[in-house]
Every structure is written in C-alpha cells, then in structure tokens.
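In the numbering used here, the protein residues as written are 499 to 714.
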C-alpha cells in the first residue's frame with residue numbers, strides 16, 4: 499500500500515537518506531521519530547508538497563512521480579490528519595468536513611451534507627456543524643481534523659500525532675476506532691512519540707532516526 503524506496507531528499511544534509519519502508523495493504527504501523535524535520539519531510543513527500551532527490555514512493559501500486567499533486571487517483575486513496583490541523587478558517591465546521599468530498603467527488607449537495615453530518619456525529623461534533631472554527635477549542639479542532647481525514651473513506655490513513663489535545667478517554671476511543679478500521683482492511687500509519695499509544699494498539703513499530711527507518 500505504501501512504499502518508500504531508497505528515498506533521499508534534497509537538503510545539503512538530507513533529512514531522509516536512502517530511506518526504505520514497505521507497508522503492506524491492511525498494515526498498521528506506528529512510527530516514532532527523533533526529528534520533527536524528518537517526520538514532516540516524510541509527510542510532505544506523501545502529500546506531494548515536496549519531491550525527493552532520488553528514490554520513489556509507491557501508493558497502492560502507483561508511483562507518485564507519475565501524478566501531479568492534484569491527482570484524484572492518488573488523493574482519494576489517502577486521508578491525512580495533520581498535526582497543525584490545516585482547517586479552513588473561513589469555512590464553518592460542516593463546510594470543512596465536506597470540503598474533500600466537494601473536490602474529489604461529484605455527489606449532490608444533499609449527499610455531501612448527509613455524509614458530513616454522519617461523520618460529525620461519529621466524532622461528537624454534530625451540534626457544532628454550523629459553528630465557525632473560532633468557537634471550537636483545541637480538542638474539538640483535533641476531532642474535526644481526524645474526522646475530515648476519513649470522510650472520503652480512504653484506503654490509507656496517515657495520522658500525525660492525532661492524540662495531541664485529546665483527553666485520555668478520547669485517545670483510547672480513537673485507538674479502538676483505528677484498530678477496528680484496520681481490522682476491516684484499512685492501512686493506517688501513526689506518527690507519534692506517545693508511549694502510551696503503543697500499548698493500546700496491535701501494530702508494527704518503527705523508529706525514524708538519522709534519516710532512516712529501523713524496527714523498534
């Protein structure tokens with residue numbers, strides 16, 4: 499499902515240096531990291547916000563270098579929960595959740611709203627659907643961020659420190675939900691240094707350090 503093959507990046511001292519990672523379809527991976535720069539670089543490459551100096555990235559059997567950053571073929575298959583949310587400040591809660599659907603599908607507005615409301619209800623945000631983002635606290639913004647990453651029902655879900663701002667019971671509930679999604683065939687990758695999470699999920703554990711990945 500996700501493969502980094504001999505990836506080296508463009509910096510004078512590369513953040514990623516001959517990095518290799520192979521996550522099979524239906525895999526569940528937890529990635530610890532020593533450097534936030536290295537972690538962010540991996541995510542940027544997946545999002546096609548950057549390109550490597552050498553090597554290739556394969557998602558669902560497709561080489562990212564063959565597609566532009568707006569390719570629906572790729573981005574309908576990937577859901578990403580960003581550490582800094584990347585929510586759209588000018589849109590309300592419901593508009594944020596349905597935004598990926600507007601871009602990547604041709605569904606009617608009625609259907610978009612139906613899917614969006616269902617997703618918001620699942621994450622305890624339905625009563626906030628018409629709220630502006632300024633009315634949300636950090637935990638609510640994080641839940642919206644996570645919910646949006648899954649609204650397209652992607653095959654691959656990337657979560658960058660999804661536990662940040664969540665209360666303990668919400669973290670546990672999220673991990674159970676992710677484990678259930680994985681049991682149904684979703685491929686899940688979590689970037690985190692939260693040791694408690696490691697004990698909540700059944701997954702493969704790796705560490706990103708000095709530009710390379712190794713088993714924990």
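Ideal Cβ positions, reconstructed from N, Cα and C, are used throughout, including at glycine.
If I'm right that residue i touches residue j with Cβ under 8 Å, what's the distance once you round it to whole angstroms?
| i | j | result |
| --- | --- | --- |
| residue 642 | residue 595 | 7 Å |
| residue 523 | residue 499 | 4 Å |
| residue 513 | residue 529 | At roughly 14 Å, the Cβ-Cβ gap does not stay under 8 Å, so residue 513 and residue 529 are not in contact. |
| residue 645 | residue 623 | 7 Å |
| residue 652 | residue 576 | 5 Å |
| residue 615 | residue 627 | 6 Å |
| residue 537 | residue 706 | 6 Å |
| residue 629 | residue 687 | At roughly 30 Å, the Cβ-Cβ gap does not stay under 8 Å, so residue 629 and residue 687 are not in contact. |
| residue 501 | residue 520 | 5 Å |
| residue 531 | residue 691 | 7 Å |
| residue 587 | residue 636 | The Cβ separation is near 14 Å, so there is no contact. |
Under DSSP, the alpha helix (DSSP H) around residue i begins and ends at which residues?
| i | result |
| --- | --- |
| residue 607 | 607-620 |
| residue 647 | 636-647 |
| residue 684 | Taken as a continuous stretch (DSSP letters only), residue 684 belongs to no alpha helix (DSSP H), as it is neither H nor E. |
| residue 693 | 693-696 |
| residue 602 | 591-602 |
Where does the unbroken beta strand (DSSP E) through residue i begin, and where does it stop?
| i | result |
| --- | --- |
| residue 702 | 702-707 |
| residue 654 | 654-658 |
| residue 711 | 710-713 |
| residue 500 | 500-506 |
Looking at chain C, is there any beta carbon in it that lies within less than 8 Å of the beta carbon of residue i?
| i | result |
| --- | --- |
| residue 560 | Among the chains of the structure shown, chain C does not appear; only one protein chain is present. |
Would residue i be called buried (16 or more neighbouring beta carbons within 10 Å of its own) or exposed?
| i | result |
| --- | --- |
| residue 563 | exposed |
| residue 608 | exposed |
| residue 489 | The shown model of the chain, from 499 to 714, leaves out residue 489, and the question about it has no answer. |
| residue 559 | exposed |
| residue 649 | buried |
What are the complete beta strand (DSSP E) segments, minimum 3 residues, inside the region 514-586?
517-521, 526-531, 552-557 and 576-579
Counting Cβ pairs closer than 8 Å, one from the region 656-667 and one from the region 577-585, do we hit at least three?
yes
Any contact of the region 602-615 with the region 680-688, i.e. 3+ C-beta pairs under 8 Å?
no
So, do the region 506-518 and the region 541-555 have three or more beta carbon pairs nearer to each other than 8 Å?
yes
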